[in-house]
Amino acid sequence: MIIQFICRAILLGVPLLYGSTGEIVTEKSGHLNLGIPGIMYVGAISGVVGSFLYENSCGNDIAAMNPFFAVFIPLLCAIVGSILMGLIYSFLTVTLHANQNVTGLALTTLGIGLGNFLGASLINITKSELPSIALTKTSSFFSAKLPFADDLGWFGELFFSHDFLTYLAIIIALIVSYVLNRTCVGLNLRSVGENPATADAAGINVTKYKYIATCIGSGIAGLGGLQYVMAYASGVWSNNAFGDRGWMAIALVIFALWKPSVAILGSFVFGALCNANNYIQGLGTETQELFKMLPYVVTIIVLIITSMRKKREHQPPAHLGLPYFREER
Amino acid sequence: MEKQPAIQLKNITKVFGKVIANKDINLTAYRGEILSILGENGSGKTTLMNMISGIYFPDEGQIFIDEKEAVIASPKDAFSYKIGMIHQHFKLVDVFSAAENIVLGLDEGKYNLKASTEKIKRISEQYGFELDPEKKIYTMSVSEKQTVEIIKVLYRGADILILDEPTAVLTPQETEKLFNILRRMRDDGKCIIIITHKLHEVLSLSDRVSVLRKGEYVGTVNTRETSEAELTEMMVGKKVDLNIQRDEPKDTQERLVVKGITCVDRVGATVLDDVSFTAKSGEILGIAGIAGSGQRELLEAIAGLQHLSSGEILYLNPKTNSIENLRDKTPMQIRNMGVRLSFVPEDRLGMGLVGNMDIIDNMMLRSYSKGHTLFLERKNPKDLAMKIIHDLEVVTPSASTPVRRLSGGNVQKVLVGREIAASPTVLMVAYPVRGLDINSSYMIYNLLNEQKAKGVAVIFVGEDLDVLIELCDRIMVIGSGRITGVVDGRTATKEEIGLLMTKSKHSEEDAGNE
Chain A
1 MIIQFICRAI
11 LLGVPLLYGS
21 TGEIVTEKSG
31 HLNLGIPGIM
41 YVGAISGVVG
51 SFLYENSCGN
61 DIAAMNPFFA
71 VFIPLLCAIV
81 GSILMGLIYS
91 FLTVTLHANQ
101 NVTGLALTTL
111 GIGLGNFLGA
121 SLINITKSEL
131 PSIALTKTSS
141 FFSAKLPFAD
151 DLGWFGELFF
161 SHDFLTYLAI
171 IIALIVSYVL
181 NRTCVGLNLR
191 SVGENPATAD
201 AAGINVTKYK
211 YIATCIGSGI
221 AGLGGLQYVM
231 AYASGVWSNN
241 AFGDRGWMAI
251 ALVIFALWKP
261 SVAILGSFVF
271 GALCNANNYI
281 QGLGTETQEL
291 FKMLPYVVTI
301 IVLIITSMRK
311 KREHQPPAHL
321 GLPYFREER
Chain B
1 MEKQPAIQLK
11 NITKVFGKVI
21 ANKDINLTAY
31 RGEILSILGE
41 NGSGKTTLMN
51 MISGIYFPDE
61 GQIFIDEKEA
71 VIASPKDAFS
81 YKIGMIHQHF
91 KLVDVFSAAE
101 NIVLGLDEGK
111 YNLKASTEKI
121 KRISEQYGFE
131 LDPEKKIYTM
141 SVSEKQTVEI
151 IKVLYRGADI
161 LILDEPTAVL
171 TPQETEKLFN
181 ILRRMRDDGK
191 CIIIITHKLH
201 EVLSLSDRVS
211 VLRKGEYVGT
221 VNTRETSEAE
231 LTEMMVGKKV
241 DLNIQRDEPK
251 DTQERLVVKG
261 ITCVDRVGAT
271 VLDDVSFTAK
281 SGEILGIAGI
291 AGSGQRELLE
301 AIAGLQHLSS
311 GEILYLNPKT
321 NSIENLRDKT
331 PMQIRNMGVR
341 LSFVPEDRLG
351 MGLVGNMDII
361 DNMMLRSYSK
371 GHTLFLERKN
381 PKDLAMKIIH
391 DLEVVTPSAS
401 TPVRRLSGGN
411 VQKVLVGREI
421 AASPTVLMVA
431 YPVRGLDINS
441 SYMIYNLLNE
451 QKAKGVAVIF
461 VGEDLDVLIE
471 LCDRIMVIGS
481 GRITGVVDGR
491 TATKEEIGLL
501 MTKSKHSEED
511 AGNE
């Protein structure tokens, strides 16, 4: 029961981990990307479209599908789709100096609209009775477990039974953490988010760093959407099922104090909190809704604690949300 | 020995929109010398140096480094020519350590902070810097931050160093320390260019002086063969009387008595610690101290903008001879009590005036509550605005121009004019001449003297110790939120004040060591 609960929490937490790792990379360049929910949504639908096309081209026959392509095509589609969204965001906010909050919110609206449009179109094509598309074949490739997981009892279930995107999320978070703290590139990126004028004077290409950080961040976030559809939802796409996971990912950034390594644990905590209502007996519908608020309540508590502790290292990048004009120094 | 020209500028011109920032500038700096670039605010010194350090690109003209033409299109290019600039506003990342800031943007291949730290320590020893490479910037004093900036450019192997107003934020002692380091670098064969508008520093430090005026090059003189008067004339374009008049205070009475006020800021740090003093009518009380030692909080506390945790502020009303306690009153309550307090804050367009409103509307900020009808009364503010524009020679297209479009000096005149027009009994001014040219500065000094003659208690927070010593009757020194001494403006020396400025800091450090 406990093992199951933890596994479920991890499964729920992984999209958040992708989203927040992506958002951390973006925020470290000084850009508050509130478009993350939209970007994750687009990442999800791009993957769905990719796998839909591939499944159809194989005649919906699982035997004809090549496992590599079945995974690679949706993966690539999700990354490309979300990076395109990231490009729109960075063009507007970096090159045109548009307000980051407004741009981000617009992008979220756009992303969700786009996702619903494509989703509805696919449902229309399949002439499905249900308002959803099932890509269970592709999903089976995504959620393939490690072969020896079942032999190791609870240990195997806890550590080896997850889909490969879960491990990838943790690896990406660790790599991002390493790059941010232990390399020149990371130092440069952090300086861009803290004080772009300083970075500029030090000979760092601020615009380039902002673009690349935003796009890579979006790409990572998009994978979160894909993981949700393929692993969590077993390949079933229905419009708006993604819910508020994108916002939760942004809340997780604050919870994790802008540290990807903390975000790994944080995502599991969030996953557990989201899921707690299903494991507590005898809750009414209204109490269940209260439980769903828990991640946000925890985020607010973390915000209060960190602002009371006033440690500068725990604050957001100093130049977060502000446009950088070279001539205005 | 014949000196090698390190950097030569030929016919450099830079235009921003319609403003000509630099016009046809020719300049040479040699190795093994300290060259001062002297000029008033807005004379184009910083723009010129920004072109050498790659932040701006000249519209016309050429730059030669070691007698070879150089194209400096970016800060990176500047590094490759071994040019390093120390900006007036430090370009440091607060949450990084000194070492991280120093290696920032460097392409050394591997990221190895340990090796970098060793190199930083070697450089520090060579020139006599004191720096802990692991210390975070936001815990550093201004002087330490400057040290980081200088080591940053030395680390990159710079041998042409440009310093933009390096002493603006230092105490006299720290300044002397910096000058010794710069002299050591000069003797080491480096070319040092220092931008400044402080004449005495030019005279004590540099080998030659180049003067700019309104974006144009006026000339270069050897420091040994020149005088303050000659340099001022070159800088301003006409002879200026550099003496500030100071009359004996007449008929002084206690006006404002501050007793043991303590103030804690948002983060919980004590910014004012048991501050007591008396301001008298008919005298100018100067407040000296390193920037951020509590000057702002002190003035704001008196003006009713800071919450105090203890102490009281007593105002002795000359009309009624009653004593009022101003503690924890809002500015409006203070005014309604009949206390005529005027405040010229250091943040002119943030706290003093509203940038997007015109001069008349800004006048009304102080008088809007006087009307008795439903509609605003605009006649008197308009007359006042016209009077200030006329009396103080404010350069503005009209009284309905948004003040944000005026130059710094004119903004300050509008603000001081408005505050003085309220015929105050206590006038508090914070850094009133910051960013002003010499003529405007002297006009402000004269206005303060006029108020003093009228029997106003003037409190003047300044940064230039020479001015404080010349203008003020008494000078109170504040260090880390504590009053460390009050000296007589007529007999005090800069060294004495400088020691007081750092006094409380040192005593704290001593206590910590024990």
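Residue numbers (our numbering), protein chains in the order written: chain A, 1 to 329; chain B, 1 to 514. A virtual CB, placed ideally from N, CA and C, is assigned to each residue, including glycine.
For residue i, three-class secondary structure by DSSP
i	result
B:Val95	coil
B:Met428	strand
B:Met337	coil
B:Ser398	coil
A:Cys58	coil
B:Glu312	strand
B:Thr232	helix
B:Asp358	strand
B:Gly352	helix
B:Val202	helix
B:Lys14	strand
B:Arg404	helix
B:Gly44	coil
Residue range of the unbroken alpha helix (DSSP H) whose run includes residue i
i	result
B:Gln451	Ile438 to Ala453
B:Ile420	Gly408 to Ala421
A:Phe142	Thr136 to Phe142
A:Ser20	Ile2 to Lys28
B:Gln295	Gln295 to Ala303
A:Val269	Pro260 to Tyr279
B:Met386	Lys379 to Asp391
Distance, residue j Cα to residue i Cα
i	j	result
A:Phe132	A:Thr93	In the sequence under discussion, the amino acid at residue 132 of chain A is Ser, which differs from the Phe named in the question. Cα to Cα, A:Ser132 sits roughly 35 Å from A:Thr93.
A:His97	B:Gly17	21 Å
B:Val429	A:Ile36	49 Å
A:Lys145	A:Asp163	6 Å
B:Lys505	B:Thr270	Confidence at B:Lys505 is low in this model, with a pLDDT of 47, below 50, so its placement is unreliable and the value that follows should be read with caution. Each residue's alpha carbon lies about 14 Å from the other.
B:Asp464	B:Cys472	12 Å
A:Ser191	A:Ile301	28 Å
B:Ala73	B:Leu9	15 Å
A:Ile3	A:Ser90	42 Å
B:Glu300	B:Gly268	17 Å
B:Val416	B:Leu27	38 Å
B:Glu144	B:Arg482	21 Å
A:Ala197	A:Gly59	56 Å
B:Val153	B:Leu161	8 Å
A:Leu87	A:Phe270	29 Å
A:Gln315	B:Thr117	26 Å
Distance between beta carbons of residue j and residue i, contact taken as under 8 Å
i	j	result
B:Asp94	A:Ala318	6 Å
B:Leu500	B:Val477	4 Å
B:Phe96	B:Ile52	With a Cβ gap of about 26 Å, B:Phe96 and B:Ile52 do not count as contacting.
A:Val71	A:Phe142	6 Å
A:Cys77	A:Gly50	3 Å
Residue interval of the beta strand (DSSP E) (run including residue i)
i	result
B:Ile520	The shown model of chain B, from 1 to 514, leaves out residue 520 of chain B, and the question about it has no answer.
B:Cys191	Cys191 to Thr196
B:Glu69	Lys68 to Ala70
B:Asp488	Arg482 to Asp488
A:Ser238	Val236 to Ser238
B:Arg208	Arg208 to Arg213
B:Ala21	Val19 to Tyr30
B:Lys280	Thr270 to Lys280
B:Asn325	Ile323 to Asn325
Between the region 87-103 of chain B and chain A, which residues of the former have a C-beta closer than 9 Å to a C-beta of the latter?
His87, His89, Phe90, Lys91, Leu92, Val93, Asp94, Val95, Phe96, Glu100, Asn101 and Val103
Between the region 203-219 of chain A and chain B, which residues of the former have a C-beta closer than 7 Å to a C-beta of the latter?
Gly203 and Ile204
Can you pull out the residues from the region 239-266 of chain A whose beta carbon lies closer than 8 Å to at least one beta carbon of chain B?
none
Got a sec: which bits of the region 58-91 of chain B sit with their beta carbon under 9 Å from any beta carbon on chain A, in order along the chain?
Ser74, Pro75, Lys76, Asp77, Ala78, Phe79, Met85, His87, His89, Phe90 and Lys91
The region 160-190 of chain A: which residues have C-beta closer than 9 Å to a C-beta of chain B, in chain order?
Arg182, Thr183, Cys184, Val185, Gly186, Leu187, Asn188 and Arg190
Could you list the residues in the region 95-115 of chain A with a C-beta less than 9 Å from some C-beta on chain B, going in chain order?
none
Output, in sequence order along the chain, the residues in the region 284-317 of chain A whose CB is closer than 8 Å to any CB in chain B.
Against chain B - using a Cβ distance shorter than 8 Å - the residues of the region 284-317 of chain A are Lys310, Arg312, Glu313 and Gln315.
Note down, in chain order, all residues in the region 115-135 of chain A with a beta-carbon under 8 Å from any beta-carbon belonging to chain B.
So the list is empty, because no residue satisfies the distance condition.
In chain order, what residues of the region 114-146 of chain B put their CB closer than 8 Å to some CB of chain A?
Lys136 and Tyr138
Going along the region 355-381 of chain B in order, which residues come within less than 7 Å of chain A, judged by CB to CB distance?
none
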